[in-house]
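This report refers to the structure that appears directly beneath it.
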Amino acid sequence: MHGGDPAPEASGPVARPRRPGRAEQQIRDAIARGEFDDLPGAGKPLPAELLSRDEHWWIRQFAEREQTPGSAFLPAALQIRKEVQTLAERVAVMTTEASVRRTVLDLNARIRAEILLPTSSIVLGVGEQDEQDVVDGWHRAVAARRAATVREAADRAAAVPAPRRGWRRWLWGPGQG
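If you read the sequence shown in the working numbering, its first letter stands for residue 1441, the second for the next number, and so on.
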């Protein structure tokens, strides 16, 4: 070699002593200052969801914390299928025919959009819902609810005892009290 440079060894590059990086140095300084003392969860075991090999634990935790139904994470085709299945129950509790019609129109618009431009490879498997059929079902549900309310009121009225007649009526008779 030239100029008296030492020849590199055949085994590989020379190892330099490692200096701690800036982040490591800041962590050491924070530990020395006691900034990691009294952290929440210190000395407690890790939650089970962190110990499991479930890579979606954070999604479940988010849904639980935000009280989000699991169906919100489904692909659009499956969400629409689920909405079609529960349509009768959802509209049965609505108070106006206009809200029922709006719900059906919105659902049909999303069905059309999913058919024309699928958002996933999942087959939709449902068609548009007949607005008038859904409204007729809603009218039947409202009528059944009203009939049940009338029956309950009649049952409550029948259960109330007749008013007691005063002692004067008992003593003198029905026409003189």
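Virtual Cβ for every residue (Gly too), placed ideally from N, Cα, C.
Within the segment 1512-1581, ranges of the alpha helix (DSSP H) (whole runs, at least 4 residues): 1516-1525, 1527-1532, 1537-1556
Proximal residues to R1541 (C-beta, below 7 Å), its chain only, five neighbours per side dropped: E1571, V1575
Residue range of the alpha helix (DSSP H) that includes A1472: 1462-1473
Environment of E1592 [buried if 16+ CB atoms lie within 10 Å]: exposed
Neighbour-count burial assignment, V1600, 16 or more Cβ in a 10 Å radius: exposed
CA-to-CA distance, H1496 to A1581, given in whole angstroms: 41 Å
Nearest neighbour of D1546, chosen from L1527, I1562, G1483, G1481 [CA to CA]: L1527
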